[in-house]
Amino acid sequence: MDLAAIRANVAELRRRVAPAEVMVVVKADGYGHGMVEAARAARDAGAAWLGVAVLEEALALRSAGDTGPLLSWLTVPGEDFRPAVAADIDVTAYTVPEVEAVTEAAELVGRVARLQLKVDTGLGRGGATGSEWPDVVAAAAKAQDAGSVEVTGIWSHFACADEPDHPANDRQEQAFRAALDVAEQAGLHARLRHLANSAAALTRPSSHFELVRCGLAAYGLSPVPQLRTSADLGLRPAMTARSSVAIAKRVPAGSGVSYGHTYVTDRETTLAVVPVGYGEGLLRSASSVAPVQVAGTKRRVSGRVCMDQIVVDVGDDEVSAGDDVVLFGPGSTGEPTAEDWAQACGTISYEIVTRLGGRFVRSYVDAGARGDAR
Ligand SMILES: *Cc1c(COP(=O)(O)O)cnc(C)c1O
Numbered sequence: 608m609d610l611a612a613i614r615a616n617v618a619e620l621r622r623r624v625a626p627a628e629v630m631v632v633v634k635a636d637g638y639g640h641g642m643v644e645a646a647r648a649a650r651d652a653g654a655a656w657l658g659v660a661v662l663e664e665a666l667a668l669r670s671a672g673d674t675g676p677l678l679s680w681l682t683v684p685g686e687d688f689r690p691a692v693a694a695d696i697d698v699t700a701y702t703v704p705e706v707e708a709v710t711e712a713a714e715l716v717g718r719v720a721r722l723q724l725k726v727d728t729g730l731g732r733g734g735a736t737g738s739e740w741p742d743v744v745a746a747a748a749k750a751q752d753a754g755s756v757e758v759t760g761i762w763s764h765f766a767c768a769d770e771p772d773h774p775a776n777d778r779q780e781q782a783f784r785a786a787l788d789v790a791e792q793a794g795l796h797a798r799l800r801h802l803a804n805s806a807a808a809l810t811r812p813s814s815h816f817e818l819v820r821c822g823l824a825a826y827g828l829s830p831v832p833q834l835r836t837s838a839d840l841g842l843r844p845a846m847t848a849r850s851s852v853a854i855a856k857r858v859p860a861g862s863g864v865s866y867g868h869t870y871v872t873d874r875e876t877t878l879a880v881v882p883v884g885y886g887e888g889l890l891r892s893a894s895s896v897a898p899v900q901v902a903g904t905k906r907r908v909s910g911r912v913c914m915d916q917i918v919v920d921v922g923d924d925e926v927s928a929g930d931d932v933v934l935f936g937p938g939s940t941g942e943p944t945a946e947d948w949a950q951a952c953g954t955i956s957y958e959i960v961t962r963l964g965g966r967f968v969r970s971y972v973d974a975g976a977r978g979d980a981r
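See the structure below:
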């Protein structure tokens, strides 16, 4: 994990969206990069906000020493908001009962709760619907007047921002502006309005408002890979997934490889066994399709991905146990990228990096900290 890359990506995003500020989203363990480390790198690079899905993640960031503005957006009925209120975490309400639960927590803790309201402008996921919105806004305005909460923001989330020309984007932006008008009329003047994720931050300036919420782009991956690569966007992938060859052996033509013998050697060749598999979060759909760099040469997973191992046919390359294997990385030395894996596996790079775990050991490099200006 290259922390200097995360810092450089956050700096690039800030430059692109200024004067709007950047929230770096570090949910799901920082998209597999390590939540606390990613959060520190983001703050070091001037991220005004951090965003997480659930309160447990927000509280873990506070325990790790983060004291800055921090938004959490996913709760379940019966959620205890008191620890979040006590820790100055901005919580999100979609419904009147949630506004009431946050108000009650504020009264119990004896502290003004920081509350953001989410409106569903067309994603069809979390957030108040258009018909519920006036009641949610009214309840929040009342709680704010009573001094229990401070409504710090109003926000929504795009469904199709990765397709910049999709008509839903304009519709959602209009619905968001209409929802903001309803709030204004109810006397709620939220300081922060935010709608954009990485894709919208990079392709849709009209959606920036005061703040953009960037996850994927902060980790250096393109949220619009069909239109722009990471390099096109001035971003550098922070994650490199590496292993080494456990066993290399010569086998004759006609040798079946891995479960089901879906791959059979067509000549005498060398097989390299690499000790990573779906136990480490590799997708089984990488079988026989995902690219892998073995001892400096780009190859392909040969046959099925197993729980703990993959096999790579390396032909007549001089490969031996202990040689370097790079599954994916920034691509700067010819290795495949997470985006290459996503395309091979029929998924998105989000899933490739976020799933990685198991017996992989995370380690961090920090080019900047060594005075390296790369
Ligand atoms: C995950 C998430 C984001 C970040 O999305 P990216 O596409 O990774 O930038 C932003 N906002 C919300 C509500 C999210 O759930």
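The opening position of the sequence shown corresponds to residue 608 in this note's numbering, with each subsequent residue numbered one higher. Virtual Cβ for every residue (Gly too), placed ideally from N, Cα, C. Computed from a predicted structure; not experimentally measured.
Could you check the C-alpha separation between residue i and residue j for me, to the nearest Å?
i: residue 846; j: residue 608; result: 5 Å
i: residue 966; j: residue 659; result: 25 Å
i: residue 645; j: residue 860; result: 47 Å
i: residue 973; j: residue 715; result: 43 Å
i: residue 743; j: residue 770; result: 30 Å
i: residue 853; j: residue 933; result: 13 Å
i: residue 797; j: residue 688; result: 21 Å
i: residue 979; j: residue 737; result: With a pLDDT of 35 at residue 979, under the threshold of 50, the predicted position of this residue should be treated as unreliable, and no value is reported.
i: residue 843; j: residue 750; result: 44 Å
i: residue 614; j: residue 805; result: 15 Å
i: residue 768; j: residue 816; result: 15 Å
i: residue 950; j: residue 734; result: 31 Å
i: residue 725; j: residue 711; result: 19 Å
i: residue 792; j: residue 700; result: 19 Å
i: residue 893; j: residue 719; result: 50 Å
i: residue 977; j: residue 911; result: With a pLDDT of only 44 at residue 977, under the threshold of 50, the placement of this residue in the model should not be trusted; the figure read from the coordinates follows. Whole-angstrom Cα-Cα distance: 41 Å.
i: residue 690; j: residue 674; result: 14 Å
i: residue 692; j: residue 763; result: 22 Å
i: residue 753; j: residue 794; result: 13 Å
i: residue 981; j: residue 755; result: Any reading at residue 981 is ruled out, since the residue's pLDDT is 29, under 50, leaving its predicted position unreliable.
i: residue 803; j: residue 695; result: 24 Å
i: residue 871; j: residue 684; result: 53 Å
i: residue 799; j: residue 676; result: 12 Å
i: residue 612; j: residue 680; result: 27 Å
i: residue 948; j: residue 706; result: 42 Å
i: residue 855; j: residue 929; result: 9 Å
Can you tell me which residues form a DSSP beta bridge with residue i?
i: residue 801; result: 762, 818
i: residue 950; result: DSSP output for residue 950 lists no bridge partner at all.
i: residue 934; result: DSSP, once it has assigned bridges, lists no residue as partnering residue 934.
i: residue 658; result: 632, 678
i: residue 870; result: 864
i: residue 878; result: 856, 920
i: residue 697; result: 678
i: residue 851; result: 931
i: residue 721; result: 757
i: residue 735; result: 726
Report the option in the options whose CA atom is closest to the CA atom of residue i.
i: residue 730; options: 671, 971, 779; result: 779
i: residue 820; options: 632, 611, 749, 625; result: 632
i: residue 956; options: 888, 924, 704; result: 888
i: residue 903; options: 926, 772, 855; result: 926
i: residue 971; options: 699, 800, 848, 773; result: 848
i: residue 621; options: 824, 665, 941; result: 824
i: residue 812; options: 616, 612, 611, 627; result: 627
i: residue 759; options: 708, 694, 698, 630; result: 698
i: residue 672; options: 690, 662, 643, 683; result: 643
i: residue 648; options: 630, 890, 918, 900; result: 630
i: residue 826; options: 946, 890, 705; result: 946
i: residue 807; options: 772, 787, 789, 841; result: 772
i: residue 785; options: 740, 746, 799; result: 740
Would you say the beta carbon of residue i is closer than 7 Å to some non-hydrogen atom of ligand 1?
i: residue 874; result: no
i: residue 905; result: no
i: residue 822; result: yes
i: residue 764; result: yes
i: residue 660; result: yes
i: residue 806; result: yes
i: residue 656; result: no
i: residue 634; result: yes
i: residue 859; result: no
i: residue 830; result: yes
i: residue 680; result: yes
Return the chain-ordered ranges of every beta strand (DSSP E) run that is complete within the segment 806-831 and spans a minimum of 3 residues. Segments of the beta strand (DSSP E) lying fully in the segment 806-831: 818-821.
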